[in-house]
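I have placed the structure first, in the form of structure tokens, so that the comments after it can refer back to it.
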Amino acid sequence: MTLDKTVPDAATAVADIPDGASLAVGGFGLCGIPMVLIDALLARGSRELAVVSNNCGVDDWGLGVLLAAGRIRKMTSSYVGENKEFERQYLSGELELELTPQGTLAEKLRAGGAGIAAFFTQTGVGTQVAEGGLPQRYAVDGGIAVASAPKPVQRFEVRGELRDFVLEEAITTDFALVHAQRGDRHGNLVFEKSARNFSPLAAMAGRICIAEVEELVEPGEIDPDAVHLPGIFVDRVVEVGADVEKRIERRTVREEH
């Protein structure tokens with residue numbers, strides 16, 4: 039048995055992602071997104087995807103390219119404000135959306151990867167997050183076709199005070215796609231600063247995790263203390279090089295004085 043998890047290219051890495059698959063995808067905005075794998079999945083043609091990611095990219099980059107091609111059936115996200123096509127599809131009833139508070143989304147992914155079925159949190163108590171009624175899919179006439187269901191709420195004593203908590207279920211997906219700065223053949227990954235964001239959590243939640251890395255090194259070249267995600271969570275590694283295109287959503291500069 040070999041521990042070498044490398045595959046020759048991105049097309050090979052995503053070749054078995056079928057129609058209807060669920061995906062956890064790392065990234066925050068356009069920072070740390072696995073764009074090479076996303077492009078490979080676009081080229082493969084997989085449809086009816088259920089994607090869990092903090093957001094859905096922008097109209098022409100990130101997960102937005104899959105959305106524009108009509109490949110995504112449902113998004114589970116915490117922020118969707120940078121994509122006009124997302125807005126159009128959601129309001130027209132073409133796209134299902136499960137809006138989730140950002141910290142809750144992170145913990146749902148982490149819990150799924152850790153084998154925890156559900157957890158209680160105060161986030162969302164007293165709102166539609168807990169009480170239900172959030173529009174998940176609109177009808178063609180603008181009415182609500184599918185609304186979120188109420189979630190169990192339970193009271194616990196915390197530091198001598200009774201507080202309400204809402205039960206949130208963990209997330210696991212069929213596949214996970216992440217981008218890392220460095221990785222070795224065993225799948226140990228190192229992320230670059232804020233590009234780490236949701237990626238370790240998404241990787242943990244996927245039953246099959248596919249990682250694109252800018253630099254592939256041999257086992258032992260990464261200091262164990264520097265590993266951000268152990269290879270036990272990673273199933274495939276593809277080297278994409280350091281010259282991959284990286285975009286930002288908005289650039290703001292001050293006038294020179």
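Going by the working numbering, 117 is the number at position 79 of the sequence shown; the sequence numbering is gapless.
Beta carbons: idealized from backbone N, C-alpha and C, even for Gly.
Spatial distance of residue i from residue j (CA atoms)
i: D47; j: A218; result: 15 Å
i: L227; j: R109; result: 29 Å
i: M39; j: N93; result: Only weak support is given to the placement of M39: the predicted model assigns it a pLDDT of 42, under 50, and the question is left unresolved by the model.
i: E259; j: V191; result: 48 Å
i: M113; j: H295; result: 44 Å
i: D273; j: R111; result: 25 Å
i: R126; j: D97; result: 11 Å
i: R197; j: M242; result: 32 Å
i: P238; j: A88; result: 19 Å
i: G269; j: V255; result: 13 Å
i: R223; j: L41; result: 7 Å
i: A155; j: E207; result: 6 Å
i: E252; j: V52; result: 17 Å
i: D212; j: D54; result: 11 Å
With 16 other Cβ atoms within 10 Å as the buried cut-off, status of residue i
i: T50; result: exposed
i: R148; result: buried
i: K231; result: exposed
i: G225; result: buried
i: Q160; result: exposed
i: G141; result: exposed
i: R220; result: buried
i: P56; result: exposed
Nonlocal neighbours in the same chain, by C-beta distance under 7 Å from residue i, ignoring five residues either side
i: L172; result: L137, Q166, A185 and S186
i: V74; result: A48, E250, V278 and V282
Spatial neighbours of residue i in its chain, beta-carbon cut-off 6 Å, leaving aside the 5 residues before and after
i: R285; result: L68 and W99
i: D202; result: V163, V191 and R193
Enclosing alpha helix (DSSP H) for residue i [first to last residue]
i: R126; result: K122 to S130
i: A48; result: A48 to A51
Residue range of the beta strand (DSSP E) that includes residue i
i: T114; result: I110 to S115
i: T211; result: T211 to D222
i: E283; result: From DSSP, E283 is part of no beta strand (DSSP E); its letter is neither H nor E.
i: A62; result: S60 to V63
i: L135; result: E134 to L137
Spatial neighbours of residue i in its chain, beta-carbon cut-off 8 Å, leaving aside the 5 residues before and after
i: R234; result: G70 and H266
Residue i: CB within 8 Å of a non-hydrogen atom of the ligand PLP
i: L254; result: The ligand PLP is absent from the structure shown, which contains no ligands of any kind.
Exercise for the section: Could I get the ranges of all uninterrupted alpha helix (DSSP H) runs contained in the segment 234-273, with 4 residues as the minimum, in chain order? Expected result: You should have 237-243.
Exercise for the section: Output the residue ranges of the beta strand (DSSP E) runs that lie fully inside the segment 150-198 and measure 3 residues or longer, sorted by chain position. Expected result: As far as the segment 150-198 is concerned, its whole beta strand (DSSP E) runs of at least 3 residues are 156-159, 173-176, 182-185 and 191-196.
Exercise for the section: Can you check the segment 74-109 for any alpha helix (DSSP H) of at least 4 residues that lies completely inside it and give the ranges in chain order? Expected result: Counting only runs of 4 or more residues that sit fully inside the segment 74-109, the alpha helix (DSSP H) segments are 102-106, in chain order.
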